[in-house]
Ligand SMILES: Cc1cc2nc3c(=O)[nH]c(=O)nc-3n(C[C@H](O)[C@H](O)[C@H](O)COP(=O)(O)OP(=O)(O)OC[C@H]3O[C@@H](n4cnc5c(N)ncnc54)[C@H](O)[C@@H]3O)c2cc1C
Ligand code: SF4
Ligand code: SF4
């Protein structure tokens, strides 16, 4: 969430000013990705993704009436509404909500920033639903103006961040299966390679890798990499197992014409 | 006992967005195909996607994945496309006939032309503890929570901060699973910032330069060891679920069996069938589309499907060449734009290299164009 983003690039300054007269969209979308539902969503043509689908969305705050459709339909959940009508140091922010539970007006929630850190506690003023049969909820909360542009979501409970427990000594790398269907270990494969084996097929004959249920689906690329490391070549050049029917398991009886 | 035989002028394998759009386009041109899919619902990957899709209107963007799937299926049915679900294509005979396993038994299908749209499979890699219950692909976790409504565990760690990892981590949260974090070996998030943003605001840390070292536990995953690559230290996360979102690879077995030439393009997920701009492979009457033709996005899969459907109808003589050219041009232009931007650029270049070769890619010419090839049938 944006310290690196300047007002000029995303129109926040304009939106901030326009919000004095009522709700207006604020867009937090700064990458050229193939996406434009926000433009399609807007009944007033206030958002343009031009000249092509990967362009950044541009909002014309003057044309936006704060209806919230773009907030609901943006797949990135990157559009919010800002409303500074109260002009008393508080602003109303509307965020999209797709988590569980049934938020209702009056619920007290944690209002969080882009990192999930609590900015303030607040009451849900309004709950709306928009976006067809499986709608997105739009939740409006009231927050001090100075944090309004930082609001990215609401949460019913804050999870404790878990950075993991530091481990004192790095444990030694154990041996483990590389082909799980036939239970062939990595060390077994490496020993076989040390004996001079340089092809996938010979490796298979020598160790049974790739002969199990999955037919090499899971192990093939790892085997290629082991071979490539041993041979000092690129992995994709190490060949592939030949593909044979059936590519899906089937009972032999069915192949004989039974239907059971 | 002899196997039953059937024939159809156009067979589509895979009812994902690529296969369904191919079917729609061919049907509109007057060549309604038979679509086969092993799944119980039409829509491929879309069936289990509960998030709203990016893309543009032509791709149903702004709607949720499963809704796009329903629309594509009903669109196809309305155009006279026959979709047979629960039908596994087991393989090809050398002459191009398919062996299919469905509720009517196993049968042999003689196609006029074939469009392969078999999608992609999740990549996996071995590490200490990877065979413990609780280690799964992100796609598997997604199927559990979104389709079967089963929680894979109470607390999960996601490996890989590409779009799939970010989106599935969010969906695990939606299902009520705690997500301890997303770890990523690279210095930057690989997926879209907006997807990373909606995860971060839920308090889920995205740990860059962190490498998965081991899953630990007696009978199932109890914890996961992770290396902090910058500091050279190790951390242990207490989780019961470890999800891997480390990329997808084209599911090219059937194409290989059909004799299509495979080429290797890492930007597109690995080995994939060579094809031209209209999605024709080097085998006459065999077309490919979607993730099979390079792992990209549903929007791209749809447009590639449309091209394959048009090409098949054109080659079958049911579509006027002028009209076909016009439609194809329109779709190709859109594809070009979809692959714009910093994320699409490497894929656009890889596709360009691939398609710049006309006809069969021969070793020398292929090497010159930077294309690494091998034939499927060996
Ligand atoms: C978590 C996640 C989120 C995504 N989000 C987005 C998004 O927001 N926007 C976007 O544009 N893209 C998104 N994508 C990508 C998109 O889902 C895929 O690119 C798209 O589904 C590819 O379509 P497809 O038709 O090529 O393959 P698939 O959808 O994979 O369909 C292939 C079909 O072929 C069938 N099949 C395969 N082999 C056989 C066989 N032997 N016999 C019978 N049937 C067979 C399968 O059952 C399947 O139904 C996302 C992907 C994932 C995993
Ligand atoms: S809030 Fe409504 S009017 Fe404003 S940009 Fe969004 S969709 Fe358009
Ligand atoms: S819909 Fe959302 S993610 Fe897509 S371009 Fe618009 S603001 Fe960005």
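Residue numbers (this note's numbering), protein chains in the order written: chain A, 861 to 1120; chain B, 81 to 458.
Backbone N, C-alpha and C define an ideal beta-carbon position, used for all residues, glycine too.
Practice prompt. Starting from residue 1060 (chain A), trace the alpha helix (DSSP H) both ways and give me its first and last residue.
Written response: As a position in the first chain, residue 1060 (chain A) is number 200, starting the count at 1. Counting along the chain, the alpha helix (DSSP H) containing residue 1060 (chain A) begins and ends at 1060 to 1067.
Fill in: Span separating the alpha-carbon of residue 448 (chain B) from that of residue 403 (chain B)
Here residue 448 (chain B) refers to the residue found at position 368 of the second chain. Here residue 403 (chain B) refers to the residue found at position 323 of the second chain. Reliability of the predicted coordinates at residue 448 (chain B) is poor, the pLDDT of 45 falling under 50, and no value is obtained from them.
Worksheet item: So who's on the other strand from residue 323 (chain B), going by DSSP bridges?
Response: Position 243 of the second chain, counting from 1, holds the residue named residue 323 (chain B). Beta-bridge pairing links residue 323 (chain B) to B:216 and B:238.
Fill in: 9 Å Cβ cut-off: residues of chain A touching residue 124 (chain B)
Counting from 1 along the second chain, the entry for residue 124 (chain B) is found at position 44. The contacting residues do not exist; residue 124 (chain B) stays about 16 Å from chain A at best.
Worksheet item: Under a CB-based cut-off of 8 Å, is residue 337 (chain B) close to chain A?
Response: Numbered from its first residue, the second chain carries residue 337 (chain B) at position 257. Closer than 8 Å to some Cβ of chain A, the Cβ of residue 337 (chain B) qualifies, so yes.
Worksheet entry | Cβ neighbours of residue 140 (chain B) in the same chain (closer than 7 Å, five flanking residues each side left out) | If you number the second chain from 1, residue 140 (chain B) lands on position 60. So the list reads 133, 148 and 151, once near-sequence residues are dropped.
Worksheet item: At a CB-CB cut-off below 8 Å, which residues of chain B make contact with residue 872 (chain A)?
Response: Position 12 of the first chain, counting from 1, holds the residue named residue 872 (chain A). Correct list: empty, because the minimum Cβ distance to chain B is about 16 Å.
Worksheet item: In terms of residues, what are the limits of the beta strand (DSSP E) holding residue 303 (chain B)?
Response: As a working mapping, residue 303 (chain B) is identified with position 223 in the second chain. Taken as a continuous stretch (DSSP letters only), the beta strand (DSSP E) holding residue 303 (chain B) covers 303 to 308.
Item to complete: Examine chain B for any beta-carbon lying closer than 8 Å to the beta-carbon of residue 1091 (chain A), and answer yes or no.
Response: Translated into the one-based positions of the first chain, residue 1091 (chain A) becomes position 231. So, not an interface residue.
Discussion item. Considering only their Cβ atoms, is the gap separating residue 171 (chain B) from residue 935 (chain A) smaller than 8 Å?
Written reply: Within the first chain, the letter at position 75 stands for residue 935 (chain A). Within the second chain, the letter at position 91 stands for residue 171 (chain B). Cβ distance not < 8 Å, so residue 935 (chain A) and residue 171 (chain B) don't count as in contact.
Worksheet item: Of the choices B:349, B:314 and B:363, whose alpha-carbon is the least far from that of residue 340 (chain B)?
Response: Along the second chain, read from residue 1 onward, the residue named residue 340 (chain B) stands at position 260. Checked all of B:349, B:314 and B:363; the closest Cα to residue 340 (chain B) is B:363.
Fill in: Near-chain B residues of the segment 985 to 1007 of chain A - C-beta to any C-beta below 8 Å
991, 992, 993, 994 and 996
Discussion item. Does the distance between the C-beta of residue 887 (chain A) and the nearest non-hydrogen atom of ligand 3 fall short of 7 Å?
Written reply: By 1-based counting over the first chain, the position of residue 887 (chain A) is 27. Yes - ligand 3 has a heavy atom lying nearer than 7 Å to the Cβ of residue 887 (chain A).
Practice prompt. Quickly, what does DSSP pair residue 196 (chain B) with across the bridge? List them, please.
Written response: Along the second chain, one-based indexing puts residue 196 (chain B) at 116. In the DSSP output, where bridge partners are listed per residue, residue 196 (chain B) has B:93 and B:368.
Fill in: CB of residue 90 (chain B) within 8 Å of CB of residue 381 (chain B), strictly
Taking the second chain and counting its residues from 1, the one referred to as residue 90 (chain B) is at position 10. Taking the second chain and counting its residues from 1, the one referred to as residue 381 (chain B) is at position 301. No, these two residues do not count as a Cβ contact at 8 Å.
Discussion item. Is residue 1119 (chain A) a contact residue of ligand 3, with contact defined as CB to any heavy atom under 7 Å?
Written reply: Counted from its first residue, the first chain places residue 1119 (chain A) at position 259. Incorrect: residue 1119 (chain A) has no Cβ contact closer than 7 Å to ligand 3.
Worksheet item: With respect to 7 Å, is the separation between the Cβ of residue 938 (chain A) and the closest non-hydrogen atom of ligand 3 below this value?
Response: Position 78 of the first chain, counted from the first residue, corresponds to residue 938 (chain A). Correct: residue 938 (chain A) has its Cβ closer than 7 Å to ligand 3.
Worksheet entry | Supposed contact pair residue 93 (chain B) and residue 1115 (chain A) - C-beta distance, whole angstroms, cut 8 Å | For the purposes of this step, residue 1115 (chain A) is taken as residue 255 along the first chain, with counting starting at 1. For the purposes of this step, residue 93 (chain B) is taken as residue 13 along the second chain, with counting starting at 1. With 8 Å as the limit, residue 1115 (chain A) and residue 93 (chain B) do not qualify as a contact, their Cβ atoms being about 19 Å apart.
Worksheet item: Helix, strand or coil: which one does DSSP assign to residue 162 (chain B)?
Response: Taking the first residue of the second chain as 1, we reach residue 162 (chain B) at position 82. Of the three classes helix, strand and coil, the one that applies to residue 162 (chain B) here is strand, per DSSP.
Practice prompt. Ignore the nearest five residues each way along the sequence and tell me which others in residue 295 (chain B)'s own chain have a CB closer than 6 Å to its CB.
Written response: Looking up residue 295 (chain B) in the second chain gives position 215. Answer for residue 295 (chain B): 209, 212, 215, 301, 304 and 322, listed in chain order.
Worksheet entry | Bridge-paired residues (DSSP) for residue 955 (chain A) | Counted from its first residue, the first chain places residue 955 (chain A) at position 95. Per DSSP, A:999.
Worksheet item: The alpha helix (DSSP H) with residue 872 (chain A) in it runs from where to where?
Response: Along the first chain, read from residue 1 onward, the residue named residue 872 (chain A) stands at position 12. Run containing residue 872 (chain A): 872 to 878, per the alpha helix (DSSP H) assignment.
Item to complete: Quick one: give me the first and last residue of the beta strand (DSSP E) that residue 247 (chain B) is part of.
Response: As a first step, residue 247 (chain B) is located in the second chain; it is residue number 167 there, counting from the start. Where residue 247 (chain B) is concerned, there is no enclosing beta strand (DSSP E), although the alpha helix (DSSP H) it sits in stretches over 243 to 255.
Fill in: Assigned secondary structure, residue 148 (chain B) (DSSP; H/G/I helix, E/B strand, else coil)
As a working mapping, residue 148 (chain B) is identified with position 68 in the second chain. It is helical.
Item to complete: Determine the direct distance from the alpha carbon of residue 115 (chain B) to that of residue 387 (chain B), and round the result to whole angstroms.
Response: Counting from 1 along the second chain, the entry for residue 387 (chain B) is found at position 307. Counting from 1 along the second chain, the entry for residue 115 (chain B) is found at position 35. If I take the Cα positions, the gap works out to 16 Å.
Worksheet item: Taking the DSSP output, what are the residues bridged to residue 982 (chain A)?
Response: Counting from one through the first chain, the residue named residue 982 (chain A) turns up at place 122. DSSP output for residue 982 (chain A) lists A:969 as bridge partner(s).
Worksheet item: Between residue 389 (chain B) and the rest of its own chain, which residues show a CB-CB distance below 6 Å, the 5 nearest in sequence each way excluded?
Response: Taking the second chain and counting its residues from 1, the one referred to as residue 389 (chain B) is at position 309. So the qualifying residues of the chain are 102, 105 and 106.
Worksheet item: Among the residues of its own chain, which have a CB less than 8 Å from the CB of residue 173 (chain B), if the five just before and after it don't count?
Response: The residue labelled residue 173 (chain B) in the question sits at position 93 within the second chain. Contacts found: 179 and 188.
Practice prompt. Taking a Cβ distance cut-off of 9 Å, strictly less, list which residues of the segment 349 to 375 of chain B are near chain A, in chain order.
Written response: 350 and 351
Worksheet item: Closest by CA to residue 874 (chain A), which one among A:923, A:891 and A:901?
Response: If you number the first chain from 1, residue 874 (chain A) lands on position 14. Among A:923, A:891 and A:901, the Cα nearest to that of residue 874 (chain A) is on A:923.
Discussion item. I want to verify the contact list: residues of chain A whose CB lies under 9 Å from the CB of residue 135 (chain B), in sequence order.
Written reply: By one-based count along the second chain, residue 135 (chain B) stands at place 55. Within chain A, the residues near residue 135 (chain B) are 894, 895, 896, 897, 913 and 935.
Practice prompt. Can you tell me which of B:245, B:97 and B:113 puts its alpha carbon nearest to the alpha carbon of residue 87 (chain B)?
Written response: Your numbering for residue 87 (chain B) matches position 7 in the second chain. When only C-alpha atoms are compared, the closest one is B:113.
Worksheet entry | Rounded separation between residue 1070 (chain A) and residue 315 (chain B) - CA only | What you label residue 1070 (chain A) is simply residue 210 of the first chain in a count that begins at 1. What you label residue 315 (chain B) is simply residue 235 of the second chain in a count that begins at 1. Straight-line Cα distance between these residues: approximately 33 Å.
Worksheet item: Any heavy atom of ligand 3 closer than 7 Å to the CB of residue 921 (chain A)?
Response: Counted from its first residue, the first chain places residue 921 (chain A) at position 61. Result no, Cβ not under 7 Å from ligand 3.
Discussion item. Could you give the first and the last residue of the continuous alpha helix (DSSP H) run that contains residue 383 (chain B)?
Written reply: Along the second chain, read from residue 1 onward, the residue named residue 383 (chain B) stands at position 303. Note, residue 383 (chain B): alpha helix (DSSP H), 378 to 395.
Worksheet item: Would you say the beta carbon of residue 964 (chain A) comes nearer than 7 Å to a heavy atom of ligand 3?
Response: For the purposes of this step, residue 964 (chain A) is taken as residue 104 along the first chain, with counting starting at 1. No, Cβ of residue 964 (chain A) sits at least 7 Å from all heavy atoms of ligand 3.
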